[in-house]
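Residue 164 in the working numbering sits at position 122 of the sequence shown, with consecutive numbering throughout. Every residue gets a Cβ at the ideal spot worked out from N, C-alpha and C, and that includes glycine.
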Amino acid sequence: YGFINTCLKSLVVEKYGEETWEKLRLQAGVQDSFLTFEVYKDEITMQLVDKACKVLGVPADIVLREFGKYFFEFCKRSGYDHMLRTLGGNLYEFIENLDALHSYLFLFCFFPQEMNAPSFRVEKNEDGSMHLHYYSDRRGLCHIVPGIIGAAALDFFNTEISMKIVNQTEEEERTGKKEHIVFLVTQNPLFPCKERNEFSSSSQCPVDSEKQIENQLNKEDLEKAKNANGDRGNSVCPVKKSHWKTLRGIITLGKGKLLRGFDPVYPKSLWIDTKTFCNGLPFHMVFDKELKVKQAGVSIQKIVPGLQTMGICLDQYFRILHPEVPFTISSIQKFINSQFVFQTRREMMPESWKERPMLELRGQMLWMEPLQCMLYLCSPLLRTLHELEERQMHIADIAPHDVTRDLILLNQQRLAEMELSSQLERKKEELRVLSKHLEEEKKKTEALLYAMLPQHVANQLKEGKRVEAGEFKECTILFSDVVTFTSICAQCEPIQIVLMLNSMYLRFDRLTTVHDVYKVETIGDAYMVVGGVPVPVPTHAERVANFALGMIMAAKGVQNPVSGNPIQIRVGIHTGPVLAGVVGEKMPRYCLFGDTVNIASRMESHGVPSKIHLSSSAYQCLKYKNFEITERGEIEVKGKGKMHTYFLIRNKSATENEIMGRP
43 YGFINTCLKS LVVEKYGEET WEKLRLQAGV QDSFLTFEVY KDEITMQLVD
93 KACKVLGVPA DIVLREFGKY FFEFCKRSGY DHMLRTLGGN LYEFIENLDA
143 LHSYLFLFCF FPQEMNAPSF RVEKNEDGSM HLHYYSDRRG LCHIVPGIIG
193 AAALDFFNTE ISMKIVNQTE EEERTGKKEH IVFLVTQNPL FPCKERNEFS
243 SSSQCPVDSE KQIENQLNKE DLEKAKNANG DRGNSVCPVK KSHWKTLRGI
293 ITLGKGKLLR GFDPVYPKSL WIDTKTFCNG LPFHMVFDKE LKVKQAGVSI
343 QKIVPGLQTM GICLDQYFRI LHPEVPFTIS SIQKFINSQF VFQTRREMMP
393 ESWKERPMLE LRGQMLWMEP LQCMLYLCSP LLRTLHELEE RQMHIADIAP
443 HDVTRDLILL NQQRLAEMEL SSQLERKKEE LRVLSKHLEE EKKKTEALLY
493 AMLPQHVANQ LKEGKRVEAG EFKECTILFS DVVTFTSICA QCEPIQIVLM
543 LNSMYLRFDR LTTVHDVYKV ETIGDAYMVV GGVPVPVPTH AERVANFALG
593 MIMAAKGVQN PVSGNPIQIR VGIHTGPVLA GVVGEKMPRY CLFGDTVNIA
643 SRMESHGVPS KIHLSSSAYQ CLKYKNFEIT ERGEIEVKGK GKMHTYFLIR
693 NKSATENEIM GRP
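Written out as structure tokens, the structure is:
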């Protein structure tokens, strides 16, 4: 399920950040998000793990172990906490019932069969350690197991464990499984200081420490037992006791002796006849070491008539689906704590069943030592009314005490809820993708808007506010145009003019970013920028001067379509006050008004090709700023009379690369 990949994404984002996940995801070539109940290929998870190792520079076993720890916490946060806690009272029982949990998830959470969950088998050793057998179809993921089991032991049983691989083989005894890993699990219970002092003489506390506690408590009276239990209420033992176990521990018999165990009482003879037993448990089978059927329930006889012939071999009519073991008594005994799923063989079923899906049975195995026979207590593996109808069975075929009847009905509601949840999740994902695309389009729109208007002005217009005109006491304005532009236009095709101007303006636009000046507008071949507007800055003149020097250099890279030589431009600069504001509603522009604009335009029109013409006010702002400037003298300026002007030659402290914004 996507739940696994979502957990992996959450781990990377939480520990290493969103950027690391994005890099990892792109390298793995997978999508950004995963639907919880959607089935994904194993290759996606394997790719993510592989790329995580490379991106993070961490060995695979460490990545998988960390993922195992995080996966346990992720499951708890996702609502599986209570389910996991109730699996067992100690670590042995917890591991022993993991297969039962997978069976539950398959049955009631509708996991598809092809997902084929891993399987666990655990064996106790005399020294308190355990051998954990891990079987999986997926190679290379065994290091997740110590992470998960270690986190569960610490959280549920307050026990630190060490796990090391003692055997790793290709699976032989389980058909279909690709990997069989055997871990040696050693437990180290955590005690607080007080308890540690009391038990310091003991080097190791085994999992099942009840006998040791019993020997201590039997020497004390009930009051001391209560106190001892009270003291242990805050202590940490290898097996975390529930309240019911604590209560059972202080139940007294006779003269204050504590009852620490339970001894069942059996009748001398079984008070149930064979007929009632077979009717009361309609889905059960008893078979011996040779797999010969000795007894079967009435409902299973009805579905598989061959079972009415006592002494037939069970494996002729059934195959084992789970756990994937050979159909032998020794294999069944090895996995006797697992839930067994049988499936009928199509070739042995009556003609009426040939077109129906095969019946599956789920239940437990019980070995009867005195009879040397195995009892298989089972129920039909049916999850929905549809599956019941497909097999032409009825609720009446299932025993009234069998909860399968209720679960089939409950699962109808569960199916509807899951379908609704999946639909909501898909809609949520669609909305997330649409929202992401909308955000991207919004950024493009804003970038286009900010290219036309200053950002603060554009934001005011977006909010529906009126933009007031603003007065700027001092700014520097630049105009430029192409020398002999009219003559060039007369001799060229329009497309050639467009290409030439576009090539030139792209270079100039880049320089506005380099020197942080504001591009006001372009009209034909005229290019206008300003420094100190719309954001006042004290270095407005230096910025515009450096921009002008860059323009002269950039123009050399633009070809005249008539002569084939680089084009020449004239540049004029003036410093003074202006009024700035937005004019119009359709295609609004941020415009500058005042005599400063006129004088800057006159500096450009009275300039010299490939020269930067400065007014006296612009010269005053630049003369002490490390620029090389030469005096032009007095000239007659149209509409202004005589004006003393200058030429800007170069910036003494900046290189050509710095002026052009190159690395």
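Can you grab the Cα-Cα spacing for the pair residue i / residue j, in whole Å?
i, j, result
"K772", "E700", "Examination of residue 772 is not possible in this model, given that the chain is present from 43 through 705 alone."
"M702", "A590", "10 Å"
"E56", "S75", "15 Å"
"M595", "K504", "38 Å"
"K598", "M629", "33 Å"
"H443", "L196", "38 Å"
"Y134", "E165", "8 Å"
"V383", "V367", "11 Å"
"G130", "N139", "7 Å"
"M390", "N158", "26 Å"
"T526", "N607", "13 Å"
"K344", "K396", "15 Å"
"R692", "A493", "29 Å"
"G59", "K51", "10 Å"
"G44", "R468", "12 Å"
"K283", "S394", "For K283, the predicted model reports a pLDDT of 49, less than 50, meaning its position is unreliable; a value from the coordinates is still stated below. One C-alpha to the other measures close to 53 Å."
"N132", "S171", "13 Å"
"Q497", "C49", "40 Å"
"L656", "H616", "6 Å"
"T446", "K331", "29 Å"
"L300", "I203", "Note that L300 scores 46 on pLDDT, short of 50, meaning its location in the model is unreliable; the coordinates nonetheless yield the value given after this. Rounded to whole angstroms, L300 to I203 spans 31 Å at the Cα level."
"V625", "V604", "38 Å"
Quickly, what does DSSP pair residue i with across the bridge? List them, please.
i, result
"Y632", "V624"
"H655", "G614 and F689"
"N230", "E202"
"Q210", "I223"
"I362", "F384"
"Y177", "S161 and H222"
"T518", "G573 and T617"
"K65", "According to DSSP, which records beta bridges pairwise, K65 is partnered with nothing at all."
"I565", "A568"
"I677", "M685"
"F669", "N693"
Thinking C-beta only, is residue j closer than 8 Å to residue i?
i, j, result
"P324", "A441", "yes"
"H326", "Y418", "yes"
"H173", "N167", "yes"
"G649", "R612", "yes"
"P576", "A622", "yes"
"L401", "R433", "yes"
"L664", "A583", "yes"
"L106", "H222", "no"
"L553", "G592", "yes"
"L66", "L90", "yes"
"V571", "V562", "yes"
"H29", "E678", "Within the shown structure, residues of the chain are numbered from 43 to 705, placing residue 29 beyond reach of any answer."
"N200", "L232", "yes"
Take the Cβ of residue i as the centre, count every other Cβ of all protein chains shown within 10 Å, and call the residue buried at 16 or more, exposed below.
i, result
"R361", "exposed"
"T87", "buried"
"F319", "exposed"
"W63", "buried"
"E646", "buried"
"D315", "exposed"
"K253", "Annotation note: pLDDT 44 at K253 (below 50); position unreliable, coordinate value reported separately. By the 10 Å Cβ count, K253 comes out exposed."
Mapping DSSP to helix, strand and coil, what is residue i?
i, result
"Y560", "strand"
"A70", "helix"
"Q434", "coil"
"Y418", "strand"
"K347", "According to the sequence as given, residue 347 is Pro; it is not Lys. Three-state result, P347: helix."
"A511", "coil"
"D523", "strand"
"M327", "strand"
"G131", "coil"
"W313", "coil"
"K469", "helix"
"K484", "helix"
"L77", "coil"
"I46", "helix"
"V335", "strand"
"M352", "coil"
Give a yes or no on whether 8 Å exceeds the smallest Cβ distance from residue i to chain C.
i, result
"E108", "The question asks about chain C, but that chain is absent: this structure has only one protein chain."
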